[in-house]
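Engineer: Positions 940 to 1144 (my numbering) are the ones given, in order, by the sequence shown. Backbone N, C-alpha and C fix where the C-beta goes; we use that ideal spot for every residue, glycine too. What you are looking at is a predicted structure, and each value in this text was computed from that prediction instead of being measured.
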Amino acid sequence: MKKPKLRELKEAIKAVISGPFTSKYPFEPHTPPDGFRGKPEFDEDKCIGCGACAEVCPALAITVTDDIQSAQPTRTLRQRCDKCIFCGQCELNCTTKEGIKLTKTYDMSGLDRSEPATQIEHELILCELCGAIVGTPKHLRWVAEQLGAKAYANPTLIVSADGSMRLAAKDGGRLDEPALARNDMMRIMCPACRRTMVVRELWGE
Ligand code: SF4
Ligand code: SF4
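1. Taking 8 Å as the threshold (C-beta atoms), are Ser-1053 and Arg-1019 in contact?
2. Quick check on this structure: which residue in Leu-1050, Asp-1051, Ala-1056 has the alpha carbon closest to the alpha carbon of Ile-1039?
3. Which residue wins for smallest C-alpha separation from Gly-988, given the options Glu-1037, Pro-972, His-969, Gly-974?
4. Where does Pro-971 fall in DSSP's three states?
5. Can you tell me whether Gln-1018 sits near ligand 2, meaning its C-beta is under 7 Å from at least one heavy atom of the ligand?
6. Asn-1093: which of Cys-1069, Gly-1070, Met-1124, Gly-1074 sits nearest, CA to CA?
7. For the beta strand (DSSP E) containing Ile-1072, name the first residue and the last one.
8. What separation, rounded to the nearest whole angstrom, lies between the Cα atoms of Tyr-1013 and Cys-1026?
9. For Glu-983 versus Ile-1059, is the C-beta spacing smaller than 8 Å?
10. Who does Pro-979 pair with in a DSSP beta bridge?
11. Can you tell me which of the three DSSP states Gln-1018 falls into?
12. Could you tell me which residues DSSP puts in a beta bridge with Gln-1058?
13. Sorry if obvious, but does the Cβ on Thr-1044 come closer than 7 Å to a heavy atom of ligand 1?
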């Protein structure tokens, strides 16, 4: 038998003195180290409902569901832990950088796979003319804040930042009113309606 080298002997003695590296979980709580990638959770204040996290999620663990039929249109973002691979892309690419964070929660065991999920709900703003989705109030305000004075180039953002947003009527249209005229300028409009209005205003029908 070969004699142990001095370095190995030193390591062995150190390991005996310093005790075990493993924790006694589940009999004792375990605290993961900083940087641990556990259960992602939305932040109610910092999430603006833009949906970018769902776009970048490689495991399709985040879904965005828009309900535009109810009296108060809503957007629901849901993150399912049973599909999550804890890669951290949602946190890394979050528009506000703080809307979703990976926590240190690692114990998500249960009998229902879809149970360990986190979700957040946002109001939705619809185009006042055609009823198309424009975004969430928080998202529009965030964009207006980022643009500063430049936001005044876009009437939808002015109205949003002003806090006087109105949601479209359920049917979304204005059948008895003239189509897309100058007096529609200061309305919440989707890009398609705004483009049509501007083109008609400049060049006519
Ligand atoms: S703010 Fe961040 S967490 Fe919220 S929807 Fe946008 S990307 Fe996702
Ligand atoms: S950690 Fe990765 S897999 Fe999990 S929700 Fe975020 S982007 Fe998707």
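Structural biologist: Looking at the coordinates:
1. yes
2. Ala-1056
3. Glu-1037
4. coil
5. yes
6. Met-1124
7. 1072-1074
8. First, the amino acid is wrong: residue 1013 is Thr here, not Tyr. Roughly 28 Å between the two C-alpha positions.
9. yes
10. Leu-1041
11. strand
12. Arg-1017
13. no
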